[in-house]
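Chains as they are written, first to last, in our numbering: chain W, 1 to 238; chain F, 239 to 476.
All remarks here apply to the structure that follows.
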C-alpha cells in the first residue's frame, strides 16, 4: 500500500532532507524508522527537498510499504521509532498514482523574523532575529510585487542544476504575529534558496530594486541569502 | 547602582536557578556574564528559584553593580556575554530598597500541556504532551477550587525546608490556546514543586479529591509531580 505521510521537523539538527552517507538527514532518519516498522518499503518521495537547517510544519512524503501496522497505527508506530525532532503528524493510504513530489500543485513557505529589541531563548534556531526596526511598509510593498510569473535567476546560486528560472508566485504577504513578522509565500515550485534570497533582498533593498531583479538578473545583483532557521515549509497542496 | 533584570530562559539546559559547583545553572551563567560586563557586582537575588528544567518568561533578578555600561546598554552588554538559552529582556535602575525576592508581591506560573494526537518537534522540552483527551470540564472545575488560602503540604515533597504550608492562591484557570491547554496560576508565593504536583493531581484525580487534599494531607495522598518542561515562570508583580 502507498502511504502519504505528513511530517513535522525542527531542521536545526538535520543536514537537510536528502540522504547523504555519514550525515544526519531527514530522509535518512525517516528511512531508519521505516526499516524498523515495515518489513519492506520503497519509492520514498518528498514534496520539498528542504536544505540544512530548514524546518517543516507540513512536509509531505509518499512511500510504498509492505506488511507492518495497519494504516491507522502507522503514525504512532513510526513516531515511536523516530527521534524527537522529527514526527509523523498523519499517515493515510493513497492510490498508487499519488506521488508526493510530482502530484503536488503548490508549496507554501513561511519566513519568520523575530523583531523584539532583545533576543529570546525560545526563538533560538526558529527565526531570524533582527535588532533594527523593520520598514514594514516597504516589506509589504515588496511582497506585493511577487505574485505572477518572473525570472528568479537572481535568487538562486549561480552554480545551479535548474534549467528554467521562471516560476509563478501565487501569493506573498507579510503578516505580523505578536513580536514576529512572517512572510507567507505560495508557488507551484521554488528554485533552491529562492525564498531565503528573496527575504534577504527584501530586507536590504528598496521595492523598486526588487522589481528590477525579478526580470532575470545575475545572482550577484541580489541581496544575501537569509539564514535557514527562519524558514518553514508549512503546506503542500495537491 | 542596583539593577532590576527581567530574564527569559529555556530551562532544559540548566540545573535550575541556584548556583552549584560544577553544574550549569541560571545563577551561575548569569554570574559569569556579570563578571565579564561589570568590574564588580554583589547581592544577586531572584524572585523565583526555579527547579531543573523549569522555564522562565518573566523571571526577575536584582543585583548591585559598579562601573561597566550605562543602564541603557546593560541588557545588550549582558546578552552578548550570555549563552543563547538565557537572555536579559530588560534592565533598569531601581532604588536600593528593591529586592527581587523580598519585594515581590506575587508570582505567576503557567503549565503548558500539548494535546495533539501526535507529538510535535516544536513542543519538545516546552510542554507536557498528553496523548489521551483531557477532561477539560473537570480541569476547569478543579482550578476553580484553588483560589483562597489552603494547606498545600500534600503538594510538596515530604522532606522539606518549608515550615509553613499555608499559601494563598490569587487566581487559577485553564486556558485553551490552539492545540495547547495552559494553567495560569498566581499566588504570593508557592511551595517547592507545588504547581507541578497540583497539575499532576488535577490530571489524575476528580475535583472532589483535590478539594480534600487542600485541607493539609500527607504528600503520599496527592498525585504525581508533572514534569518540569511544561512549567514557566511568566510574571512577577511588585
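Where a beta carbon is used, it is the ideal one built from N, C-alpha and C, also for glycine.
Asked, Found
"Below 7 Å CB to CB, which residues in the same chain sit around residue 449 of chain F once its five sequence neighbours on both sides are set aside?", "383"
"Does the distance from the CB of residue 93 of chain W to the CB of residue 60 of chain W come in under 8 Å?", "no"
"Identify the continuous beta strand (DSSP E) that holds residue 73 of chain W and give its terminal residues.", "Taken as a continuous stretch (DSSP letters only), residue 73 of chain W belongs to no beta strand (DSSP E), being part of the alpha helix (DSSP H) at 71 to 81."
"Let me know the secondary structure DSSP gives residue 197 of chain W once reduced to three states.", "helix"
"How would you write the range of the beta strand (DSSP E) that residue 386 of chain F sits in, first residue to last?", "386 to 389"
"Give the C-beta separation of residue 27 of chain W and residue 19 of chain W to the nearest angstrom, bearing in mind that I take them to be a contact with Cβ-Cβ under 8 Å.", "4 Å"
"For a contact meaning CB atoms closer than 7 Å, what does residue 88 of chain W contact in chain F?", "356"
"In chain order, what residues of the same chain have a beta carbon less than 7 Å from the beta carbon of residue 12 of chain W, not counting five sequence neighbours either side?", "53, 125, 229"
"Quickly, what does DSSP pair residue 59 of chain W with across the bridge? List them, please.", "W:7"
"Across the segment 154 to 163 of chain W and the segment 213 to 222 of chain W, are there enough close Cβ pairs to call them in contact, namely three or more that are closer than 8 Å?", "yes"
"Which residue marks the beginning of the beta strand (DSSP E) containing residue 274 of chain F, and which one marks its end?", "No beta strand (DSSP E) contains residue 274 of chain F, which is instead part of the alpha helix (DSSP H) from 264 to 275."
"Answer with buried or exposed for residue 438 of chain F, where buried requires no fewer than 16 other C-beta atoms within 10 angstroms of its C-beta.", "buried"
"Span of the alpha helix (DSSP H) holding residue 210 of chain W?", "207 to 213"
"Run down chain F in chain order and give the residues with a C-beta less than 7 Å from the C-beta of residue 84 of chain W.", "359, 362"
"Are the C-beta of residue 246 of chain F and some C-beta of chain W separated by less than 8 Å?", "yes"
"Closest to residue 132 of chain W by C-alpha separation, out of W:113, W:8, W:148, would be which residue?", "W:113"
"Answer yes or no: do residue 58 of chain W and residue 233 of chain W have a C-beta to C-beta separation smaller than 8 Å?", "yes"
"Using a Cβ cut-off of 8 Å (strictly closer), state whether residue 285 of chain F contacts chain W.", "no"
"I'd like the list of long-range same chain contacts for residue 194 of chain W, defined as Cβ closer than 6 Å, with 5 residues on each side in sequence excluded.", "152, 155, 156"
"Name the two residues that bound the continuous beta strand (DSSP E) containing residue 471 of chain F.", "469 to 475"
"Just to confirm the assignment, what range does the alpha helix (DSSP H) spanning residue 140 of chain W have?", "136 to 144"
"I want to verify the contact list: residues of chain F whose CB lies under 7 Å from the CB of residue 75 of chain W, in sequence order.", "356"
"If we count the other Cβ atoms within 10 Å of its Cβ and call it buried at 16 or more, is residue 380 of chain F buried or exposed?", "buried"
"Taking only three categories from DSSP, how would you classify residue 504 of chain F?", "One cannot answer for residue 504 of chain F here, as it falls past the ends of chain F, which runs 239 to 476."
"Just reading off the beta strand (DSSP E) that residue 330 of chain F is part of, what are its end residues?", "324 to 332"
"In this structure, how does DSSP classify residue 393 of chain F when only helix, strand and coil are distinguished?", "helix"
"What's the gap between the Cα of residue 111 of chain W and the Cα of residue 127 of chain W?", "8 Å"
"Going by beta carbon distance, what residues of the same chain come within less than 6 Å of residue 214 of chain W, once the five residues before and after it are set aside?", "150"
"Would you call residue 435 of chain F buried or exposed, if buried means 16 or more other Cβ atoms sit within 10 Å of its Cβ?", "buried"
"Terminal residues of the continuous beta strand (DSSP E) containing residue 261 of chain F?", "Counting along the chain, residue 261 of chain F falls outside any beta strand (DSSP E), and DSSP gives it neither H nor E."
"In this structure, does DSSP put residue 457 of chain F in helix, strand or coil?", "helix"
"Apply the 10 Å Cβ neighbour rule to residue 16 of chain W and answer buried if 16 or more other Cβ atoms are within range, or exposed otherwise.", "buried"
"Which residue or residues does DSSP assign as beta-bridge partners of residue 420 of chain F?", "F:350, F:413"
"How many whole angstroms separate the CB atoms of residue 328 of chain F and residue 275 of chain F, which I take to be in contact at a CB cut-off of 8 Å?", "With a Cβ gap of about 15 Å, residue 328 of chain F and residue 275 of chain F do not count as contacting."
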